[in-house]
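Student:
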Amino acid sequence: MLDIFYNQRSTRKFLSQKVEDQKVIKLLTAAMLAPSSKGLRPWEFIVVDNTELLEKLATSKPHGASLLRHAPLAIIITGDKSRSDVWVEDCSVASLYIQLEAEALGLGSCWVQINRRFYDDDITSNEYIHQQFNIPDRLEVLSVIGIGYKAVERPPMSDHEIIWNKVSVNKFGDVFDKQ
Ligand SMILES: Cc1cc2nc3c(=O)[nH]c(=O)nc-3n(C[C@H](O)[C@H](O)[C@H](O)COP(=O)(O)O)c2cc1C
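Numbers 40 to 218, taken from the working numbering, label the letters of the sequence shown in order.
1) Measuring straight from C-alpha to C-alpha, what distance separates Lys-208 and Ile-202?
2) Please work out which residues of its chain come closer than 6 Å, Cβ to Cβ, to Ile-168, disregarding the five sequence neighbours upstream and downstream, and give them in chain order.
3) Among the residues of its own chain, which have a CB less than 7 Å from the CB of Thr-50, if the five just before and after it don't count?
4) I want to know whether the stretch 148 to 164 touches the stretch 68 to 80 - three or more CB-CB distances under 8 Å.
5) Starting from Phe-211 and walking both ways along the beta strand (DSSP E), at which residues does that stretch end?
6) Tell me the start and end of each unbroken alpha helix (DSSP H) in the stretch 172 to 196 that is at least 4 residues and wholly inside, in chain order.
7) Please confirm if the stretch 132 to 145 is in contact with the stretch 49 to 67, defined as three or more CB-CB distances below 8 Å between the two stretches.
8) Keeping to the same chain, check which residues put their C-beta closer than 6 Å to that of Asp-88; ignore five residues upstream and five downstream.
9) Span of the beta strand (DSSP E) holding Glu-83?
10) Looking at the structure shown, is Gln-61 part of a helix, part of a strand, or coil, going by DSSP?
11) Looking at the unbroken alpha helix (DSSP H) that takes in Ile-137, where does it start and where does it end?
12) Kindly examine ligand 1 and report whether one of its heavy atoms sits closer than 6 Å to the Cβ of Gln-35.
13) Are three or more beta carbon pairs between the stretch 46 to 60 and the stretch 190 to 200 nearer than 8 Å?
14) Measure the Cβ-Cβ separation of Ile-114 and Val-86 and say whether it is below 7 Å.
15) In the DSSP assignment, find the beta strand (DSSP E) that holds Thr-117 and state where it starts and stops.
16) Any heavy atom of ligand 1 closer than 6 Å to the Cβ of Cys-149?
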């Protein structure tokens with residue numbers, strides 16, 4: 040697993056190659072194997088491979104979503120807020136499971152944050168996506184994961200990026216010695 044964690048870097052440039060149906064099924068299987076609080080599984084997913092709809096997602100906020108324009112695939116992760124008060128956490132875990140499975144399948148991915156983001160001064164990104172995708176009110180959009188074959192292979196994370204002084208042992212501030 041650590042190899043996957045080191046290699047899983049955000050991919051924002053994709054080849055135009057389609058993601059095979061069997062891989063899409065594996066991505067969704069991973070998402071629905073994700074643990075959730077009280078096992079309530081408040082998430083629901085929308086698989087998007089239509090170019091016009093991907094373009095709508097790419098404009099769901101002014102910055103940080105344009106990568107979806109050229110992604111062959113996106114998965115919208117929504118959570119039922121009437122089902123769970125921790126839908127954000129549950130949907131976050133599912134989002135990351137999709138990203139890690141994507142890496143394991145040789146695909147790249149990028150998380151696009153939707154919750155608490157704005158389409159413009161008046162409309163949230165969540166409201167905008169609801170309108171475009173006919174999503175019922177009980178669901179909130181947490182994220183959109185853009186997925187596809189990587190156009191550029193990025194170097195894995197290095198050990199220099201692991202900040203060991205973020206870890207205490209027993210009491211906060213007591214140094215964790217990893218030797
Ligand atoms: C909660 C969360 C929200 C993120 N939102 C966005 C986003 O809206 N747009 C984007 O391009 N990347 C987004 N990212 C990706 C991060 O920018 C990226 O993971 C981080 O900078 C580390 O870089 P790396 O993945 O390239 O190693 C998000 C990641 C997380 C975990």
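Positions of the beta carbon are idealized from the N, C-alpha and C atoms, including for glycine.
Tutor: Considering the structure as presented:
1) First, the amino acid is wrong: residue 208 is Val here, not Lys. Whole-angstrom Cα-Cα distance: 14 Å.
2) Ser-99 and Val-180, listed in sequence order.
3) Excluding residues within five positions, the ones whose Cβ falls inside 7 Å are Gly-147, Ser-148, Cys-149 and Lys-189.
4) Verdict: no, contact absent.
5) According to the DSSP assignment, Phe-211 belongs to the beta strand (DSSP E) that extends over 210 to 214.
6) The DSSP assignment places no complete alpha helix (DSSP H) segment of no fewer than 4 residues inside the stretch 172 to 196.
7) A contact is defined here as three or more CB-CB pairs under 8 Å, and the stretch 132 to 145 meets this definition with respect to the stretch 49 to 67.
8) Same-chain partners within the cutoff: Leu-112.
9) Element bounds for Glu-83: 82 to 87.
10) Of the three classes helix, strand and coil, the one that applies to Gln-61 here is helix, per DSSP.
11) First-last of the alpha helix (DSSP H) with Ile-137: 126 to 143.
12) The requested residue 35 is not part of the displayed model; the chain covers only 40 to 218.
13) Under the Cβ criterion (8 Å, minimum of three pairs), the stretch 46 to 60 counts as touching the stretch 190 to 200.
14) With contacts defined by Cβ atoms closer than 7 Å, Ile-114 and Val-86 form a contacting pair.
15) Start and end: 112 to 119.
16) Correct: Cys-149 has its Cβ closer than 6 Å to ligand 1.
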